[in-house]
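K.L.:
Have a look at this one before I ask anything.
Protein chains in written order, with this note's numbering: chain U, 1 to 661; chain C, 662 to 1322.
What follows is the structure, given as C-alpha cells:
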C-alpha cells in the first residue's frame, strides 16, 4: 500500500492537466463586448502587475531566508523551502490567470446564455485555482518525501518542514499584502464614491473601481489560495513528522497523510466533474453537493487505505472527525454571518443608529467565538483519544484533504463578484445584473464559510505543527507552572494583537491615499461626473499596489523574527508557550473579526433588500458604517491571523535543531 | 517581626477610624441649595436602593455557595467565604455612602469656596472608599490568618482561599451589575437626550440623567472598589498559600504579605494626610504625588520588614518590581487614552466619518495591548527570577499594597463626575461648572489609569492564584504537550469571549428599555421639553436597576460553574490549562476594551475642546458614535474580564481538594 506514494506525483500531474483543460475551456468562451474586454483587461493587468511586483519583493526575501537556512539549519531544508515557496507562487499565478479570464466570460455568459452557463464558467475558473493548489501541494510533498525519507532515510524527515515554511512565508505576504490591497481599494472607493459623490457601487465614473476589482482577485483569490495551500501543506508535513516517531510502523504512518490527500485530489476531480450532472439545480445546492460528494468519496477510500496500511480504525476516526469538524465550522460561520436570525436581529439595531449596530455586531462576533472553538476542542480531544498527537495531525489533514473542491468553491466567489462589477461597468442591463448578483450572493456565503474553514483548518494545522515542534525539540513537557512558559504565552498572545493592529492601521493609511487620489480625479478631470470623460484607474491601481506592498513588510518581518527572538531569549519551552498563546489568541481574534465583518456586511445587504427602510434610509447609512468597519476585520486583519499562527509554528519547527534540549 | 501580624487588626481599625472621621468631615460641609440637595438625595436613594436589591440577590447566592462549601469543601472555608463576602459588601456600602454625600458637597464647595476646597471634599469622599477597602481587607486577612494558621496550624492555610472567594464572588456581580447599570443609563439617556432631542448632557429635563449619575456611583465606585478589593485580598492570600510551602521559614514568608499591606495602609494614610500640605498645587499633580509618596514609604518600610523577617533581598526586589509595574501600566494607559499623540491622531480620523474613527480606534486599542502585556511579562519574569513563584505573588502584592491611596484616587473620579452633573442640573452657573469640569477631566484621566491598574493587578493576581492552584492540587506540571491542557486553554479563552459577549448584549438590551422609557416621558409628559413640567427619574432608575440585576445573573453563574465543569471533565491539569487560557485572553480583551473605550471617549472630548470643528460639527457627530461604542467596552465588558479571571482562579483554588492528583 505504501507504494501508492510513488504514484502520487502522477496523480498530481493529472490534477494539473485537468486544471489546464479547464483553463483552455474557459478561455474558449466568449469574452463579451469590446467594452467588457477592455475592463477585464485592466483588471487582469492590474492583478498580474501586483503579483509580479509582489513576487519580486518576495524573491529577494526568499533568497535571504534560503541562504540563512542553508547555513544555519541544513541545505536540504533550504532546498525544500525554496521549492515550497515557488510552488505557492506558481499556484497563486495560475489561479489568478484563471480567475481573471473567467470573470469577464462569466459576465458574458450571464448576458448571452443565462445562469447555468455563467455558473459553470465561474466555477471552472475557481476550479483552476482549487486543482492547482491541491496538485502542486501533493506533487511537492510526495516528491520530497520520496527523495528525503524513502531514499535518504527517515532521519531526514525534519527537512520536509522547509517545504511548509516556503509555503507559509509566501502565504503571509500574499494574505497581508492582498488583504491591505483589497480593503484600501474597497474602503477608499466607497468613501469617496458612495458616501461623498453619491454614485452607486462599481460605477464606471469612479476611478477606484478597477482597483477594487483587482483587490477582489489579489485578496480573495491569491490571498485565500495561499492561506489554504499553506494549511494543506503544513498539516500533511506536521503529520508526517509526528508519524516518523511512531516506531516500527512509522513508514505506514508517514505515508498515510500523503495517500489521503492523493485520494482527496481524485475525489475533488470527481466532485468537480459531478457538477456537469447537476444542471438546472439551484446554484447554492450544486456547490454544496459537489463538496459533500468529494468528502464522502475521500472518507470511503481513506478507510480502505487505512486498512491496507494496517493502521487502526482510530486513525480513520481522527481523519473523519477533522472532516466533520471542517463542515461543522463552515455551518457555524454560515449561521452567524448568513441571512439568519443573528444577522436579521443585527440589522434591526440600525434603528438607533450606527453606534448600537457596532456594539451589537461586536457582541455577536464575540459570541460566535465559543461555538467554533468548542468544535475545534472536541475534534482535538477525540482525535487525540483515538490516535494521540498523530490523530490531531490527521484530523487537520482530514479537514483539508478535499481542498481541491473546497478551494474551487472559495475561488468561485471573487470571480462571481468580478463578473458583477464588469456587468455594471459595461452597462449590461438589469437581467444580466440579476444573474450575476445572484451568483455573487452565493459567493458571499461561500466566502464566509471559506473564511471559517480557513480559520478552523489553520487552528488544527497550528496544533499539529505545535505537536511536531515539541517532538522535534525533544520536549517531554511544556510546563505552564514555569514562569517562562507563562511569559511565552502572554507574548504569543500579544503578538497576534500587534499584527492585527499593524494590518488594520495599514488599511487605514492606504485607504487614505486612495481617497485623496479619487478626490483629486473627481476634482481635476473635467466632465468625469457627467460621464463625458474617463477616469484614470491605473493611478489608483498603482497606489494600492505600492501601498499594500510597502505595508506588508513590517507585519511579515515581525512574524518571521518573533519565534527567533523568543526562542533565543526564553528557550525551547518558552517558545512553545509563545506558540500556544499565539494559537489561542490568534484563532479567537480571527473568528471575532471574520464573523463580525461578515455579519455587518450581510446586515447591510439585508437592509438593501428593502428591510428597515431599504437603500438610502438612515438605517442603511448606519449599515454602511458597520460594513466599512467590518471590511478590514474580515478581509485583512482576521485572515492575517491564520497565517501568523501557522508561520510562527512552522518557523519554530524549522529552527528546532538549534533549540534541541 | 512576625508578631507584627497581631497588630495588623489594630492598624486596620485605625484605618477604619480615619475613614469614619473623613466621613464625618464630609457630611459637615454645606450640601448647597435645596434643589441641589433634592437631586443629590435622588442619586443617593437610587444608588442605595440598587445596592440593597443587589445585596438581597447576592445574599441568596452567597447562602447557597456557603452551604455547598460547608458540605463539599470544609466548614472553615465556608466561614472564611461568608466573611469575605460580607466585608466586600460592607466596603461597597460604606464607599457608596461616602461618595453620595461627597458629590453634592463638592459641587457646593466649587460654587462657594473654589477649586481647592472642592478637590479636598471630592478626594476625602474617595478616601472613605479607599481606606475602607484597604482596612477591611487587612482586618479580615489578618484575623483569619491568626486563627487558621497561627492558632490551628499551617496545614489550615488552604481554608483562607474561602475569604478571597467571598470577595471575588461579590466583585463579579458588583462589576457586572454595576457595569450594565451605568452604561445602559448612559447610552440610553444619551441616545434620546443628546441625539434625538438635541438637549445637552446632564440636562434636568432628561428623565435618564439621575439614573446616569446613579450609574457612575454603582459602576465606577462600587464596581471598581469591589474589583480592586478582590485583587488586593486575592494577591495576599495567593502569596500566603505559596509561602506556606516554603519549608522551615514558611512562617516568615506567610506573614510578609500581611505586614506589607499593613505598611501599605499606614503609608496610604500618610499619603492622604499629605494632601492637606499641597494646597494651591495643580490638582492632577496633587493626586499623583500623594500616590508616589505612599508608594515610596511603603517600599522603604517593607525593606525593613523583609530584613527583619530574615528574607532575602530578592523578595523585596519582587515587591518593588510589582509596584513599579503598576505605575508603568498606569502610565501606558494614560499615554494611549489621554490627550496625547494617539488620541489626537484618532480624533483627526473623524474627518472621513464614524467608520474610519471606529477602525482607527480599534487598531489603537489592539496596538495598546502588547506594551502592557510585555510590562507584565517582564515583571513576572524578574519576580520569578528573584524569588520563584512566591516572587510572582509578592509582585502582585507590591502592586496593590498602597490600595488605600490608589483606590481613593480612583473613587474621586465618579464623585467629581457627579458633582459636575449636580451643578448642571441645579443651574449653578458657568464659573462653578468650570471648576467641576476641571475636576472631572482629571477624574477621567485617573479613571483610565485606574482601569489599567485594575487590569494589571488582576493579571498579576490571577498569575499568583494560578501558581497557588498548581501547588494546591499538587501538580508538578501542567503540560501543554497534553491535548487536555491545550483544550483547556482554548476553552478558557472562549469563556472570556462569551462573557464579554453576554455583558455587551445586556447593555444593549437594558439601554433599549431606557430609550423607550425616556421617549415615552418626552412624549407623554406635557411641557417637559419647555421646562414647565418635571420628568419622572425614579422610573428610569427602577428600570436600570431591574434590568442590570437581571442581566448580571447569567454571566455570574457561568463564571462560577465553568471551573467546576471543566475541572470535572478535564481534570486538574485541564483546568490549569483553562485558567491559563482565560487569563491570557481575559487580560488582552480587558486591555483592548478599556483602552479603546478610553481613547474614543477622549477623542470626543478633544473635539469638544474645539478641534476639527468642535461641538455640533460632523466630526463631533462621528466622535459621539465612537464614544457610545466605547462605553460598554470600557465600563462593562472590559472590567468584567478582570474579575472573571480572578474568580475562576480562586474557585479552582478552593475546589483544589476535590481535584488533588
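Beta carbons: idealized from backbone N, C-alpha and C, even for Gly. Source: prediction; values computed, not measured.
Near residue 1160 of chain C, which residues of its chain fall below 7 Å by C-beta distance, leaving aside the five closest residues on each side in sequence?
P.N.:
Excluding residues within five positions, the ones whose Cβ falls inside 7 Å are 1216, 1219, 1220, 1301, 1305.
K.L.:
Less than 8 Å between the beta carbons of residue 574 of chain U and residue 493 of chain U, yes or no?
P.N.:
No; because the gap between Cβ atoms is not below 8 Å, this pair is not in contact.
K.L.:
According to a CB-to-CB cut-off of less than 9 Å, which residues of the stretch 1010-1032 of chain C neighbour chain U?
P.N.:
Listed by position, the residues of the stretch 1010-1032 of chain C near chain U (Cβ gap below 9 Å) are 1010, 1013, 1014, 1015, 1016, 1017, 1019, 1020, 1021, 1023, 1024, 1025, 1026, 1027, 1028, 1029, 1030, 1031, 1032.
K.L.:
In the structure shown, what three-state DSSP assignment does residue 479 of chain U receive?
P.N.:
The answer is strand: DSSP assigns residue 479 of chain U an E or B state.
K.L.:
Is the stretch 325-340 of chain U touching the stretch 438-458 of chain U in the sense that three or more CB pairs, one from each, lie closer than 8 Å?
P.N.:
Yes: the two stretches touch, three or more of their Cβ pairs being nearer than 8 Å.
K.L.:
Are residue 821 of chain C and residue 806 of chain C touching if we call contact CB-CB under 8 Å?
P.N.:
Result yes, Cβ atoms of residue 821 of chain C and residue 806 of chain C sit closer than 8 Å.
K.L.:
Any contact between the stretch 243-257 of chain U and the stretch 295-313 of chain U? By contact I mean 3 or more CB pairs, one from each, below 8 Å.
P.N.:
They touch, by the three-pair rule.
K.L.:
By a C-beta neighbour count over all protein chains shown, 10 Å radius and 16 as the cutoff for buried, is residue 64 of chain U buried or exposed?
P.N.:
Exposed: under 16 other Cβ atoms inside 10 Å.
K.L.:
What does a CB cutoff of less than 6 Å around residue 1048 of chain C pick up in its chain, not counting 5 residues either side in sequence?
P.N.:
Taken in chain order, the residues that qualify are 975, 976, 979.
K.L.:
Count Cβ pairs between the stretch 739-754 of chain C and the stretch 877-888 of chain C that sit closer than 8 Å; are there 3 or more?
P.N.:
Touching, yes.
K.L.:
How long is the line joining the alpha carbons of residue 632 of chain U and residue 355 of chain U, rounded to whole angstroms?
P.N.:
Cα-Cα distance, rounded: 18 Å.
K.L.:
Please classify residue 67 of chain U: is it buried, with 16 or more other beta-carbons within 10 angstroms of its beta-carbon, or exposed?
P.N.:
Under this definition residue 67 of chain U is an exposed residue.
K.L.:
Let me know the alpha helix (DSSP H) ranges lying completely inside the stretch 847-892 of chain C, each 4 residues or longer, listed in chain order.
P.N.:
Within the stretch 847-892 of chain C, the complete alpha helix (DSSP H) runs of at least 4 residues are 870-876.
K.L.:
Could you check what DSSP says for residue 1000 of chain C in three-state terms: helix, strand or coil?
P.N.:
It is coil, neither helix nor strand.
K.L.:
Report yes if the C-beta distance between residue 597 of chain U and residue 634 of chain U is below 8 Å; otherwise report no.
P.N.:
Contact: yes.
K.L.:
For a test of the three-state rule: what should DSSP assign to residue 690 of chain C, helix, strand or coil?
P.N.:
Three-state DSSP puts residue 690 of chain C in coil, outside helix and strand.
K.L.:
If I measure Cβ to Cβ from residue 404 of chain U and keep anything under 6 Å in the same chain, skipping five residues before and after, which residues do I get?
P.N.:
If we look at residue 404 of chain U and ignore the five residues flanking it on each side, its Cβ neighbours are 130, 131, 134, 265, 268.
K.L.:
For a contact meaning CB atoms closer than 7 Å, what does residue 500 of chain U contact in chain B?
P.N.:
Among the chains of the structure shown, chain B does not appear; the protein chains present are U and C.
K.L.:
Using 8 Å for Cβ pairs, my map puts residue 393 of chain U next to residue 238 of chain U. What's the rounded Cβ distance?
P.N.:
Rounded, the Cβ-Cβ distance is 5 Å, consistent with contact.
K.L.:
Show which residues of chain C have a CB atom less than 7 Å away from the CB atom of residue 392 of chain U.
P.N.:
Within 7 Å Cβ-Cβ: 1144.
K.L.:
Can you tell me which of C/694, C/841, C/867, C/774 puts its alpha carbon nearest to the alpha carbon of residue 628 of chain C?
P.N.:
Shown here, chain C extends from 662 to 1322; a query on residue 628 of chain C therefore has no answer.
K.L.:
What does a CB cutoff of less than 7 Å around residue 503 of chain U pick up in its chain, not counting 5 residues either side in sequence?
P.N.:
Cβ neighbours of residue 503 of chain U beyond the five flanking positions: 176, 179, 180, 555, 636, 637, 640.
K.L.:
Taking only beta-carbon atoms, is residue 1242 of chain C less than 8 Å away from chain U?
P.N.:
Closer than 8 Å: yes.
K.L.:
Residues of chain C with a CB under 7 Å from the CB of residue 408 of chain U: which are they?
P.N.:
Those within 7 Å of residue 408 of chain U in chain C number zero; the least Cβ separation is about 30 Å.
K.L.:
So, helix, strand or coil for residue 1076 of chain C, using DSSP?
P.N.:
In this structure, residue 1076 of chain C counts as helix in the three-state DSSP scheme.
K.L.:
Taking residue 650 of chain U as the reference, which of U/45, U/154, U/232 has the closest Cα?
P.N.:
With distances taken between Cα atoms, residue 650 of chain U lies closest to U/232.
K.L.:
Kindly indicate which three-state DSSP category residue 361 of chain U falls into: helix, strand or coil?
P.N.:
Residue 361 of chain U: helix per DSSP, three-state reduction.
K.L.:
Chain C beta carbons: is any one of them nearer than 8 Å to that of residue 632 of chain U?
P.N.:
By this cut-off, residue 632 of chain U is an interface position.
K.L.:
Leaving out the 5 sequence neighbours to the left and right, which residues in its chain are closer than 7 Å to residue 998 of chain C when beta-carbon positions are compared?
P.N.:
Closer than 7 Å at Cβ, skipping near neighbours: 1004, 1109, 1256, 1259, 1260, 1263.
K.L.:
For residue 609 of chain U, name the three-state secondary structure that DSSP assigns.
P.N.:
Coil at residue 609 of chain U, not helix or strand.
K.L.:
Sorted by chain position, which residues of the same chain lie with C-beta nearer than 7 Å to residue 53 of chain U's C-beta, five sequence neighbours on each side aside?
P.N.:
Only 545, 549 meet the Cβ criterion.
K.L.:
Round the Cβ separation of residue 872 of chain C and residue 850 of chain C to the nearest angstrom and send it over; I've been treating them as touching at under 8 Å.
P.N.:
The pair is a contact, with the Cβ atoms about 7 Å apart (cut-off 8 Å).
K.L.:
Under 8 Å between beta-carbons, which chain U residues line up against residue 1246 of chain C? List them in chain order, please.
P.N.:
Here the neighbours are 493, 584, 585, 588.
K.L.:
Mind listing which residues of the stretch 377-389 of chain U have their C-beta closer than 9 Å to chain C's C-betas, in chain order?
P.N.:
Those residues of the stretch 377-389 of chain U that come within reach of chain C (Cβ to Cβ, closer than 9 Å) are 377, 378, 380, 381, 383, 384, 385, 388, 389.
K.L.:
When you compare the CB of residue 607 of chain U with every CB in chain C, is at least one pair closer than 8 Å?
P.N.:
It does not: the Cβ of residue 607 of chain U has no partner Cβ on chain C nearer than 8 Å.
K.L.:
Considering just the uninterrupted stretch of the alpha helix (DSSP H) at residue 1288 of chain C, what are its terminal residues?
P.N.:
That run of the alpha helix (DSSP H) goes 1279-1293.
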